[in-house]
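Have a look at the structure below before the remarks.
There are 2 protein chains.
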Amino acid sequence: MTNLDELCINALRFLSIDAVEKARSGHPGAPMGMAVMAYTLWHKHLRHDPHEPGWPDRDRFVLSAGHASALLYSLLHLYGYPMPLEELQKFRQLGSMTPGHPEYDPDTGVETTTGPLGQGFANAVGMAIVERWLAARFNKPGFNIVDHYTYVMASDGDMMEGVTSEAASLAGSLGLNNLICLYDDNNISIEGSTDVTFTEDVGARFRAYGWHVIGPIDGLDADSVDMALNRAKSIKDKPVLIVCTTCIGYGSPGKAGTASAHGEPLGPEEVTLTRHNLGWKWGPFEVPPEARDQFSLVKEQGRLARKQWQAMIEDYAMQYPDDAGRYFRQIEGNLPQGWEESLENIEKDLVKPMATREASGVVLNALAQTVDNLMGGSADLAPSNKTIMKGAGDFNRQDYNGRNLHFGVREHAMGAIANGMCLHGGVIPYVGTFLIFYDYMRPPVRLAALMGLGVIYVYTHDSIGLGEDGPTHQPVEQLMGLRLVPGVVTLRPADGFETLEAWKVALKRRHGPTALVLTRQKLPVIDTATGEKRAVDKGAYVLWQSGKEPELLIMASGSEVNLALEAGRQLKDKGIESSVISMPSWELFNIQPQDYRDSVLPPGITRRISVEAGRSLGWQRYTGTEGVNIAVDKFGASAPWEQVYQSLGINVDNIVKAALKMFPAGDC
Amino acid sequence: MTNLDELCINALRFLSIDAVEKARSGHPGAPMGMAVMAYTLWHKHLRHDPHEPGWPDRDRFVLSAGHASALLYSLLHLYGYPMPLEELQKFRQLGSMTPGHPEYDPDTGVETTTGPLGQGFANAVGMAIVERWLAARFNKPGFNIVDHYTYVMASDGDMMEGVTSEAASLAGSLGLNNLICLYDDNNISIEGSTDVTFTEDVGARFRAYGWHVIGPIDGLDADSVDMALNRAKSIKDKPVLIVCTTCIGYGSPGKAGTASAHGEPLGPEEVTLTRHNLGWKWGPFEVPPEARDQFSLVKEQGRLARKQWQAMIEDYAMQYPDDAGRYFRQIEGNLPQGWEESLENIEKDLVKPMATREASGVVLNALAQTVDNLMGGSADLAPSNKTIMKGAGDFNRQDYNGRNLHFGVREHAMGAIANGMCLHGGVIPYVGTFLIFYDYMRPPVRLAALMGLGVIYVYTHDSIGLGEDGPTHQPVEQLMGLRLVPGVVTLRPADGFETLEAWKVALKRRHGPTALVLTRQKLPVIDTATGEKRAVDKGAYVLWQSGKEPELLIMASGSEVNLALEAGRQLKDKGIESSVISMPSWELFNIQPQDYRDSVLPPGITRRISVEAGRSLGWQRYTGTEGVNIAVDKFGASAPWEQVYQSLGINVDNIVKAALKMFPAGDC
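In the order they appear, the protein sequences are chains D and V.
Read in the numbering used here, the first sequence has 129 at position 129, and its numbers run on one by one without any break.
Read in the numbering used here, the second sequence has 551 at position 551, and its numbers run on one by one without any break.
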């Protein structure tokens, strides 16, 4: 470690300290402890070009310990990304580029949103998966156009979270040799020493997962970190964990090695003492010119590397124009031409009674033919979720060319890995499980929405209609739960046709997540008898109307639409004119123009019934407080599904009865 | 293994097979593979008395692989628990005692609800914690009145779930020597062999956690299992994992060792072949008399063991009457006399501006003085959650006498461990984290509700009011998400006083979970100026009314109540009479008599505004479709909290403006 290196490392530390100090809020300890690791990685190993943050073959850098955000912003600033010093001075302020935890921004080099611990680690596994897949697909002899590492820096907290365990176990099983994790082992967490709660041997744990483990090394010594990274890159068959022993708040005489360095500013006095202790003679936000020069050096190296790659890919495009065309289309996130038309062939296969999960499987397999970068799988429920693309091969350590992923019983990691896949770019990821297990993967779904990632969730077994497996497996609150997450579009189709339309919506939505909510049980084809288009993309539409002047609206989604329709018909026989509305997606409906919404739900009709095998809470938005909500407001039961439906009152009779009550005798 | 043992083992297998076959639904493969393990454990090791399923010093048996429910019901039936054969014949039918996955029933010996994988394993850790704590508290020389094991049977799926990793790591750190896990290592999961997704060395992983690991042993050989269990019980400083190599669907010629044995009946033909193969000559649901006798033998041993314990505890009660009194009060789940009165002293400490998390810390510490079995902690956020009971000691491997738990950054395991603590009996568990991280622990909260467990959740930093940490840490949909779970009571108090009342509600609710939703930021004392009681226990109450004939209702919860109140006052100055309603708990309000609800929300007043720093979806239940919801329907932002509130429009001005719009000029 040269004096110049040390100067640069301290520049990172003090920019971070100063940002936290100015904000009077933040986490100084982690940046101070991780600065050596970060500097060594960025300076000697990370292949990136700050002029072109989006260069597809750049190494990915994930700061899983997102609370160390000030360190990331300092790195971005000093290495010449579009991250001005003023933004560091506005750390954690409204509208700044430097929020409390890193937020995905491809233009400034922030590869993913982190903070909720463990997410970044699992994102990195997803990035590494896509890199291996693209490499297997596109590299040719002499043309390693896809050949980069994913580096992730993780803290004790990341290592304690279950999502990390799940992702690490899968990464080991897959032998992802392009994934390197620097583990900041500082033995401190917020409640103090990790002695009480975290005495495990993390290195041994990762060896058990099938990782190559280096260390513990001195994470405060740049040469040790450099050697470890060189060694890591020489490992050709496994992901690598480098255990780096460090010290939280390194350099602070009063707070180093203590939990108090973690989550609050050091305070002016301690900052002064730290400056003195580390021999730092520059003022707040000052960077010595020698350090700036040193950082610029790497920037130039990065530009050269990128230009070399650019030259290579141009040659590649000459020799392999088709591959190059596909590569760029996939990397740019464009859908292949004709994908939508190709679905017309399967419409006939959907005009029969079938579970919507079955219909989804049919649509997925048709899509898989044209959308050549659709890649996904299930958390060990593929045969039930119908998520297998036949003939598309499995992605495994023997063959990275397949598109079917097997996540194991790891829903949380699956969600976070899908985010990483999307973030890397090049594929359209989908993941499947039972709707109830959305509960196991809420955090990554939320982060997909926050980042605007086009992940597709295939949630089957969507209600008490799951039947015998019982209340532990029957979702009641999960459907409404999805609707609560800002930015998620949830679709619950009513039959095969609506499922087809729902998949189209999902595929087109490349800047936000889409959840498909599908039945286990068989459903009839909804016979509208009008021949009109099913306006699934508008979120809700009038499916059937018994007369010109309906006096009642019956709204339903998914498996309850056919009940609503039958009730409407029975009511017509009793002289009540109604309109039956299929509402596959609230989010899509709510953004329609007012006149469309009013045409579906005429404001003058206040007699309203909702039917959905999930919680009623929320439906009052459409039915008003005077409406009736036929819903499931308690846990389900283990029995054949028809009996569960009957016992919980989700049936045609109850809809009819509720409607009749709205029309006192003689009123109709 | 004697012939008689084999007969008994096959009796377990075929009862399970027959139950699944009759139901035409279920999981035969796991019971067939695990029968040897289960029989050996129950026959030679498990200390229990089927006549007294609630015997407090019984060993606990947790079937984490809940899909093997038929095995559990077969065990309960054959060992003489109140589980008649007819119930096995009604497996997975409506209203039976034998639902698809085991559901907690203390009367029949079902120790916990399992099925969602990993939950049972973590429950077992919670049970073991309470056993160690009670032993440390109550055992005396010569009186080991608390001295039992917790046994858990887990599958590959359990081992893949992150929650198991979290719980196992904590159990290792705590050195829980009373916890023994039998791991059914059969290399098969639903998508097929575990080769693709789960190649890790589970034994090595658990060694890394600090467990003692035995095996792999032959899990199909009773003697091997017996020896391993004897060895496990000789380990005095660590939890023990026994890796048992087994075969899913053992005995089925056509399906053994394949995924097809997992989740569907074998089918009549395969059942016949299996009977032949295992030499089973009895008919469906028939149990050979010799086997019945053998099972009864153990039942008698259990009764004797329990009687010995009974005699011991009677002696204990003579020598240590105070301890015995406390022990029984705690085990029976009764609160100590005078706990509520003791809180009167702290009221004065709450009449000042403070964050409700601070108030919660004050209340908790007062409660800790009298409620001597309040036990809990945080997922590494205790200083922020204010969840430490001062002077109550830490629970750690050096001293199991403490009441403060440190869960590490493991929210999911924390929730599931709290369930196990409650299930064991003897303590009142509470757990804390930021409200956003409820997302990391949704499954155990749901299971607490399903089981009716009195776990208390302390969720702080409950909105965008969290400020600088930004949108990754600011809950938006979590508060409504809690309200969606049937059986959870959620309370969001508005100041210190309401926080005190909320804690009282939580403590009294011993048969269902309660979530306390608390602010990070300081709140003013709500000055009602009426001196009336704060009816937090009724869920909602009129806080303030500007005149006798209000024309407008303003409803709010928690940190928004003071905004509503201020808006009400400003509106009065503008000539608008309003009623301001504090709504700390929807669930409690909804169960009040209609006349109370109408007194709070008079049906005649249709001008209604809700104010809450969370999603609006759901509020229409109270405001109707014509009301205004001042809410947060998108993700937050990183900035000082006052600015975030302003930028998202959660302020007095917006309430006033919304109200004025409801009164066209001249209308008031």
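From the three backbone atoms N, C-alpha and C, an ideal C-beta is built for every residue, glycine too.
Note that the coordinates shown come from a computational prediction; the quantities given were computed from them, not determined experimentally.
Exercise for the section: Determine, using beta carbons only, whether H473/D comes closer than 8 Å to chain V. Expected result: The residue given as residue 473/D occupies position 473 in the first sequence. Yes, because at least one Cβ of chain V sits closer than 8 Å to the Cβ of H473/D.
Exercise for the section: Use the C-beta contact count for T2/V: other C-beta atoms within 10 angstroms, 16 or more gives buried, fewer gives exposed. Expected result: For the purposes of this step, residue 2/V is taken as residue 2 along the second sequence, with counting starting at 1. Flag for T2/V reads exposed.
Practice task
Would you kindly work out how many angstroms separate the C-alpha atoms of I9/D and D223/D, rounded to a whole number?
Solution key: As a first step, residue 9/D is located in the first sequence; it is residue number 9 there, counting from the start. As a first step, residue 223/D is located in the first sequence; it is residue number 223 there, counting from the start. Going by the C-alpha atoms only, they are around 13 Å apart.
Problem - Under 8 Å from the C-beta of G115/D: neighbouring residues of chain V - result: By 1-based counting over the first sequence, the position of residue 115/D is 115. Under the 8 Å cutoff, chain V gives D469, G470, T472, H473.
Practice task
Measure the C-alpha to C-alpha separation of L15/D and P28/D and round it to an integer number of angstroms.
Solution key: Here residue 15/D is taken as the residue at index 15 of the first sequence, counted from 1. Here residue 28/D is taken as the residue at index 28 of the first sequence, counted from 1. L15/D and P28/D: Cα-Cα distance of roughly 10 Å.
Practice task
Determine the burial state of H48/V: buried for a count of at least 16 other Cβ atoms within 10 Å of its Cβ, exposed for fewer.
Solution key: In the second sequence, the residue the question calls residue 48/V occupies position 48. That one is buried.
Handout entry: Proximal residues of chain D, C-beta to C-beta of K634/V below 9 Å
Key = As a position in the second sequence, residue 634/V is number 634, starting the count at 1. For a Cβ distance threshold of 9 Å, residue set P486, G487 of chain D lies close to K634/V, ordered along the chain.
Problem - Bounding residues of the beta strand (DSSP E) (the contiguous stretch that carries I576/D) - result: Taking the first residue of the first sequence as position 1, residue 576/D is located at position 576. Careful: I576/D lies outside any beta strand (DSSP E) and carries neither H nor E.
Exercise for the section: Give the DSSP-derived three-state secondary structure of S677/V in the structure shown. Expected result: Nothing about residue 677/V can be reported from this structure: the residues present for chain V run from 1 to 668 only.
Problem - 8 Å Cβ cutoff, Y400/D in contact with chain V - result: As a first step, residue 400/D is located in the first sequence; it is residue number 400 there, counting from the start. No, because no Cβ of chain V sits closer than 8 Å to the Cβ of Y400/D.
Problem - Cross-strand partners of F61/D (DSSP beta bridge) - result: For the purposes of this step, residue 61/D is taken as the residue at position 61 of the first sequence. Answer is Y151/D, bridged to F61/D.
Handout entry: N-terminal and C-terminal residue of the beta strand (DSSP E) that A556/D is part of
Key = On the first sequence, position 556 is the one that residue 556/D refers to. Note, A556/D: beta strand (DSSP E), 552–556.
Exercise for the section: Measure from the C-beta of I17/V to each C-beta in chain D and report whether the shortest distance is under 8 Å. Expected result: In the second sequence, the residue the question calls residue 17/V occupies position 17. So, not an interface residue.
Practice task
Could you please tell me which residues of the segment 177–208 of chain V, in chain order, have their CB closer than 9 Å to any CB of chain D?
Solution key: Under the 9 Å Cβ criterion, the segment 177–208 of chain V contributes S189, I190, E191, G192, T194, D195, V196, T197, F198, T199, E200, D201, V202, G203, A204, R205, F206, R207, A208.
Handout entry: Cβ-based neighbour list, V600/V, same chain, cut-off 7 Å, excluding 5 preceding and 5 following
Key = On the second sequence, residue 600/V is found 600 positions in, with the first residue counted as 1. Only A540, Y541, V542, I581 meet the Cβ criterion.
Exercise for the section: Evaluate the contact criterion for the segment 492–507 of chain V versus the segment 345–353 of chain V: three or more CB pairs, one atom per stretch, below 8 Å. Expected result: A contact exists between the segment 492–507 of chain V and the segment 345–353 of chain V.
Exercise for the section: Would you identify the three-state DSSP class for W339/D, choosing helix, strand or coil? Expected result: On the first sequence, residue 339/D is found 339 positions in, with the first residue counted as 1. Three-state DSSP puts W339/D in coil, outside helix and strand.
Practice task
Can you pull the chain D residues whose beta carbon is under 7 Å from the beta carbon of T625/V, in chain order?
Solution key: Locating residue 625/V in the second sequence gives position 625, counting from the first residue. By Cβ distance, chain D contributes R621, G624.
Practice task
State yes or no: is the beta carbon of Q643/V nearer than 8 Å to at least one beta carbon in chain D?
Solution key: Position 643 of the second sequence, counting from 1, holds the residue named residue 643/V. Yes - at least one Cβ of chain D is within 8 Å of the one on Q643/V.
Exercise for the section: Taking the CB atoms as reference points, tell me whether S578/V and L552/V lie closer together than 8 Å. Expected result: Counting from 1 along the second sequence, the entry for residue 578/V is found at position 578. Counting from 1 along the second sequence, the entry for residue 552/V is found at position 552. In contact: S578/V and L552/V (Cβ atoms closer than 8 Å).
Exercise for the section: Measure the Cβ-Cβ separation of R60/V and A35/V and say whether it is below 8 Å. Expected result: Stepping through the second sequence from its first residue, residue 60/V is reached at position 60. Stepping through the second sequence from its first residue, residue 35/V is reached at position 35. Against a cut-off of 8 Å, the Cβ pair of A35/V and R60/V comes out as no contact.
Practice task
Note down, in chain order, every chain V residue with its Cβ under 7 Å from the Cβ of N396/D.
Solution key: Position 396 of the first sequence, counted from the first residue, corresponds to residue 396/D. Chain V residues near N396/D: V196.
Handout entry: the segment 193–204 of chain D in contact with the segment 154–173 of chain V per 3-pair CB rule at 8 Å
Key = Judged by Cβ distances under 8 Å, the segment 193–204 of chain D makes contact with the segment 154–173 of chain V, as three or more pairs qualify.
Exercise for the section: Decide if F437/V is buried, meaning its Cβ has at least 16 other Cβ atoms within 10 Å, or exposed. Expected result: Position 437 of the second sequence, counted from the start, is the residue given in the question as residue 437/V. Buried.
Handout entry: Interface flag, L381/D vs chain V, CB-CB below 8 Å
Key = By 1-based counting over the first sequence, the position of residue 381/D is 381. Interface criterion met: the Cβ of L381/D is under 8 Å from a Cβ in chain V.
Exercise for the section: Determine the chain D residues that contact G481/V at a beta-carbon separation under 7 Å, and present them in chain order. Expected result: Here residue 481/V corresponds to residue number 481 of the second sequence, with the count starting at 1. Here the neighbours are G481, L484.
Problem - Cutoff 8 Å: H212/D Cβ touching any chain V Cβ - result: Here residue 212/D refers to the residue found at position 212 of the first sequence. By this cut-off, H212/D is not an interface position.
Practice task
Would you mind working out which of I576/D, R231/D, Q643/D, V240/D sits nearest V656/D, comparing C-alpha positions?
Solution key: Here residue 656/D refers to the residue found at position 656 of the first sequence. Relative to the Cα of V656/D, the nearest Cα in the group I576/D, R231/D, Q643/D, V240/D belongs to I576/D.
Exercise for the section: Using a Cβ cut-off of 8 Å, pull out every chain D residue sitting near G172/V, in sequence order please. Expected result: Locating residue 172/V in the second sequence gives position 172, counting from the first residue. Result: T199, E200.
Handout entry: Contact list for P99/V against chain D, beta-carbon separation under 7 Å
Key = On the second sequence, residue 99/V is found 99 positions in, with the first residue counted as 1. The CB of P99/V comes closer than 7 Å to the CB of G470, S638 in chain D, given here in chain order.
Exercise for the section: Count the other CB atoms, across all protein chains shown, that sit within 10 Å of the CB of V351/V; report buried if there are 16 or more and exposed otherwise. Expected result: For the purposes of this step, residue 351/V is taken as residue 351 along the second sequence, with counting starting at 1. Label assigned to V351/V: exposed.
Handout entry: Coarse secondary structure for I180/D, derived from DSSP in three states
Key = Your numbering for residue 180/D matches position 180 in the first sequence. Strand, per DSSP.
Practice task
Closer than 7 Å by C-beta to N123/V: which residues in its own chain qualify, once you throw out the five before and the five after it? Chain order, please.
Solution key: By 1-based counting over the second sequence, the position of residue 123/V is 123. Close CB contacts of N123/V within its chain, under the 7 Å cut and outside five residues either way in sequence, are with V62, T112, A416, N419, G420, L423 (chain order).
Practice task
Would you tell me roughly how many angstroms separate the C-alpha atoms of I388/D and A382/D, rounded to the nearest one?
Solution key: Mapped onto the first sequence, residue 388/D falls at position 388. Mapped onto the first sequence, residue 382/D falls at position 382. Rounded to whole angstroms, the gap between the alpha carbons of I388/D and A382/D is 6 Å.
Handout entry: Exposure of I591/D, with buried meaning 16 or more beta-carbon neighbours within 10 Å
Key = Numbered from its first residue, the first sequence carries residue 591/D at position 591. I591/D should be labelled exposed.
Practice task
Quick one: give me the first and last residue of the beta strand (DSSP E) that T433/D is part of.
Solution key: If you number the first sequence from 1, residue 433/D lands on position 433. First-last of the beta strand (DSSP E) with T433/D: 428–434.
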